[in-house]
Each structure stands twice: as structure tokens, then as C-alpha cells.
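A.B. asks: First the structure, which I've put down as C-alpha cells, then a few questions once you've had a look.
In this note's numbering, the protein residues as written are 213 to 312.
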């Protein structure tokens with residue numbers, strides 16, 4: 213538990229916190245988040261930034277919503293694109309982290 217509190221303290225002191233984003237839609241919010249990360253030097257590669265904007269704009273559902281994992285909007289749209297529906301697979305491959 214103490215480790216979690218220290219991690220939280222570190223994130224609050226060193227992370228990017230956005231309390232007021234002047235945006236009206238998901239695309240604008242996604243771009244504002246990625247721009248803030250880029251301005252803070254968390255993202256230095258512009259192609260990674262564009263991929264992150266795309267990832268943030270993917271369809272999603274909330275855990276309290278009763279949906280089957282295989283029937284979610286994101287897994288259906290990803291399967292149509294030939295991608296694996298696992299979120300970790302999406303993030304690692306879209307950011308280029310799984311290079312061989």
C-alpha cells in the first residue's frame with residue numbers, strides 16, 4: 213500500500229494533470245491530451261503521438277455496462293480491421309513497442 217501511495221505522489225508531482233480542457237468532442241479532447249503529453253516531453257516522436265490520438269479515439273465501453281467482451285464496439289471494429297481485440301495488443305503494436 214505504501215508503494216501505491218508513493219507512486220501516486222510521484223504521478224501527482226511529475227505527471228500531466230488536465231483539469232479544464234476547452235473541447236466539445238472526443239477527437240478534440242484526445243488531441244489536447246496528446247499535445248499536453250508532447251509538451252511535457254512524455255512523447256517525443258510525432259508518429260507515436262498520432263497513433264496515441266487514434267487509440268484514444270477508439271470506441272469503448274465502461275465496465276459497469278453489461279456487454280460481452282467479444283461483442284464490444286472496439287472488438288468488432290478491430291476485428292474488421294484484422295487486429296486482435298486485446299487492449300494491450302493494441303497499445304503495444306500501435307505505439308511500435310513490439311518490435312522484433
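All C-beta atoms in this analysis are idealised placements derived from N, C-alpha and C, irrespective of residue type, glycine included.
Mapping the DSSP letters down to three states, classify residue 260 as helix, strand or coil.
C.D. replies: Three-state result, residue 260: helix.
A.B. asks: Could you give the residue range of the alpha helix (DSSP H) that holds residue 215?
C.D. replies: That run of the alpha helix (DSSP H) goes 214-226.
A.B. asks: So, at 7 Å on beta carbons, what are the nonlocal neighbours of residue 240 in its own chain, with the 5 sequence-adjacent residues on each side left out?
C.D. replies: Here the set comprises nothing.
A.B. asks: What number of angstroms, rounded off, separates the C-alpha of residue 269 from the C-alpha of residue 226?
C.D. replies: Straight-line Cα distance between these residues: approximately 25 Å.
A.B. asks: By alpha-carbon positions, which one of 246, 233, 228 ends up nearest to residue 264?
C.D. replies: Among 246, 233, 228, the Cα nearest to that of residue 264 belongs to 246.
A.B. asks: Under DSSP, the alpha helix (DSSP H) around residue 270 begins and ends at which residues?
C.D. replies: Element bounds for residue 270: n/a, residue is neither H nor E.
A.B. asks: Roughly how many angstroms lie between the CA atoms of residue 250 and residue 214, to the nearest whole one?
C.D. replies: Taking the straight line from one Cα to the other gives about 30 Å.
A.B. asks: Under the three-state reduction of DSSP, which class applies to residue 235: helix, strand or coil?
C.D. replies: Residue 235: coil per DSSP, three-state reduction.
A.B. asks: Just tell me which of 216, 230, 276 has its CA closest to the CA of residue 252.
C.D. replies: Per the Cα distances, 230.
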